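This report refers to the structure that appears directly beneath it.
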Amino acid sequence: MASEFSLKEQLRQFEEKLLKPEIRTSQKELNQLLADNFFEFGSSGKVLYKDERIGEEGIGEVKMTLSDFEIHPMSEEIVLTTYRIFNIVNKQHSLRSSIWKITDGSWKMIFHQGTNTTPSL
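Right, here's the structure in full:
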(Lines of atoms letter the chains of each structure in order from A and count residues from 1; the text may use other names and numbers.)
(Lines give C-alpha, C1' and ligand atoms only; values in the text may rest on other atoms or scores of the structure.)
Protein backbone atom coordinates (compact mmCIF):
# COMPACT_ATOMS: atom_id res chain seq x y z
CA MET A 1 0.00 0.00 0.00
CA ALA A 2 1.25 3.51 -0.69
CA SER A 3 2.25 5.57 2.32
CA GLU A 4 -0.80 6.59 4.32
CA PHE A 5 -0.21 10.28 3.56
CA SER A 6 -0.07 9.86 -0.21
CA LEU A 7 -2.98 7.41 -0.20
CA LYS A 8 -5.00 9.87 1.88
CA GLU A 9 -4.24 12.67 -0.57
CA GLN A 10 -5.03 10.49 -3.58
CA LEU A 11 -8.40 9.36 -2.21
CA ARG A 12 -9.29 12.90 -1.11
CA GLN A 13 -8.61 14.08 -4.67
CA PHE A 14 -10.90 11.35 -6.01
CA GLU A 15 -13.67 12.30 -3.56
CA GLU A 16 -13.31 15.97 -4.50
CA LYS A 17 -13.41 15.08 -8.22
CA LEU A 18 -16.79 13.45 -7.62
CA LEU A 19 -18.11 16.86 -6.50
CA LYS A 20 -17.08 18.64 -9.72
CA PRO A 21 -19.77 19.26 -12.38
CA GLU A 22 -17.51 18.17 -15.24
CA ILE A 23 -16.97 14.79 -13.54
CA ARG A 24 -20.53 14.26 -12.27
CA THR A 25 -22.00 14.89 -15.71
CA SER A 26 -19.54 12.65 -17.60
CA GLN A 27 -20.34 8.97 -17.81
CA LYS A 28 -16.74 8.35 -18.95
CA GLU A 29 -15.26 10.12 -15.91
CA LEU A 30 -17.68 8.39 -13.53
CA ASN A 31 -16.74 5.01 -14.99
CA GLN A 32 -13.10 5.71 -14.12
CA LEU A 33 -13.95 6.37 -10.46
CA LEU A 34 -16.92 4.11 -9.73
CA ALA A 35 -16.73 0.31 -9.74
CA ASP A 36 -19.16 -1.58 -11.94
CA ASN A 37 -20.97 -2.85 -8.82
CA PHE A 38 -21.06 0.60 -7.14
CA PHE A 39 -24.09 1.55 -5.06
CA GLU A 40 -24.98 4.43 -2.74
CA PHE A 41 -27.28 5.09 0.18
CA GLY A 42 -27.90 8.79 -0.42
CA SER A 43 -28.56 11.40 2.25
CA SER A 44 -31.99 11.75 0.59
CA GLY A 45 -32.77 8.17 1.60
CA LYS A 46 -32.64 6.97 -2.00
CA VAL A 47 -30.52 4.04 -3.13
CA LEU A 48 -28.51 4.51 -6.31
CA TYR A 49 -27.00 1.64 -8.30
CA LYS A 50 -24.48 2.49 -10.98
CA ASP A 51 -25.87 0.03 -13.49
CA GLU A 52 -29.48 1.21 -13.03
CA ARG A 53 -29.45 4.95 -12.41
CA ILE A 54 -26.40 6.58 -13.99
CA GLY A 55 -27.37 7.66 -17.47
CA GLU A 56 -25.55 9.70 -20.05
CA GLU A 57 -26.24 12.88 -18.06
CA GLY A 58 -24.28 11.46 -15.10
CA ILE A 59 -25.36 11.96 -11.51
CA GLY A 60 -26.21 15.67 -11.55
CA GLU A 61 -24.45 18.84 -10.53
CA VAL A 62 -23.91 19.89 -6.91
CA LYS A 63 -22.26 22.73 -5.03
CA MET A 64 -20.62 21.16 -1.99
CA THR A 65 -17.51 21.59 0.12
CA LEU A 66 -15.62 18.73 1.75
CA SER A 67 -13.93 18.85 5.20
CA ASP A 68 -12.60 16.62 8.00
CA PHE A 69 -11.35 13.99 5.55
CA GLU A 70 -9.89 10.79 7.01
CA ILE A 71 -8.98 7.35 5.73
CA HIS A 72 -9.37 4.04 7.55
CA PRO A 73 -7.43 1.24 5.78
CA MET A 74 -9.25 -2.06 6.07
CA SER A 75 -6.74 -4.13 4.08
CA GLU A 76 -4.04 -3.58 1.47
CA GLU A 77 -6.75 -3.23 -1.18
CA ILE A 78 -9.73 -1.69 0.66
CA VAL A 79 -10.00 1.72 2.36
CA LEU A 80 -12.91 3.42 4.11
CA THR A 81 -12.97 7.21 3.73
CA THR A 82 -14.99 9.47 6.05
CA TYR A 83 -15.64 13.19 5.84
CA ARG A 84 -18.18 15.99 6.16
CA ILE A 85 -19.98 17.73 3.30
CA PHE A 86 -21.70 21.11 3.30
CA ASN A 87 -24.25 21.55 0.51
CA ILE A 88 -24.02 25.24 -0.37
CA VAL A 89 -27.36 25.28 -2.22
CA ASN A 90 -29.63 23.81 0.47
CA LYS A 91 -27.39 24.67 3.47
CA GLN A 92 -27.38 21.02 4.57
CA HIS A 93 -24.54 19.30 6.42
CA SER A 94 -23.91 15.57 6.02
CA LEU A 95 -21.51 12.89 7.16
CA ARG A 96 -20.12 10.82 4.31
CA SER A 97 -18.36 7.50 3.99
CA SER A 98 -17.04 5.64 0.97
CA ILE A 99 -15.39 2.30 0.43
CA TRP A 100 -12.60 2.29 -2.14
CA LYS A 101 -11.08 -0.89 -3.56
CA ILE A 102 -8.16 -1.54 -5.89
CA THR A 103 -9.67 -2.95 -9.10
CA ASP A 104 -7.41 -3.77 -12.05
CA GLY A 105 -4.66 -1.59 -10.54
CA SER A 106 -6.87 1.48 -9.93
CA TRP A 107 -8.81 2.72 -6.92
CA LYS A 108 -12.57 2.51 -7.54
CA MET A 109 -15.40 3.49 -5.23
CA ILE A 110 -17.64 0.51 -4.53
CA PHE A 111 -19.96 2.04 -1.90
CA HIS A 112 -20.96 5.49 -0.64
CA GLN A 113 -23.31 6.70 2.08
CA GLY A 114 -24.49 10.18 3.08
CA THR A 115 -26.23 10.92 6.37
CA ASN A 116 -27.70 14.35 7.09
CA THR A 117 -26.46 15.96 10.29
CA THR A 118 -26.05 19.30 12.04
CA PRO A 119 -22.99 21.55 11.69
CA SER A 120 -19.89 20.40 13.59
CA LEU A 121 -19.00 22.42 16.65
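In this text, residue positions in the sequence shown follow my numbering: the first is 964, and each later residue adds one. The beta carbon of each residue, even a glycine, is placed where N, CA and C say it ideally should be. Quantities reported herein were computed from a predicted structural model and do not represent experimental measurements.
For E1033, DSSP records a beta bridge to T1045. Look at E979 here: in three-state DSSP terms it is helix.
Taking C-beta atoms as the reference points, L996 and M1072 count as a pair closer than 8 Å. DSSP places K1064 in the uninterrupted beta strand (DSSP E) bounded by 1055-1066.
Taking all protein chains in view, the Cβ of H1035 is surrounded by fewer than 16 other Cβ atoms within 10 Å, so the residue is classified as exposed. When beta bridges are read from the DSSP output, N994 appears opposite no residue.
In the three-state reduction of the DSSP assignment, S969 falls in the helix class. L993 and G1005 have their alpha carbons spaced roughly 17 Å apart. In the three-state reduction of the DSSP assignment, E1039 falls in the coil class, being assigned neither a helical nor a strand state.
In the DSSP assignment, I1073 falls within the beta strand (DSSP E) that extends over 1069-1080.
Counting along the chain, I986 sits inside the alpha helix (DSSP H) bounded by residues 984-987. Just so you know, the alpha carbons of Y1046 and S1038 end up roughly 20 Å apart.
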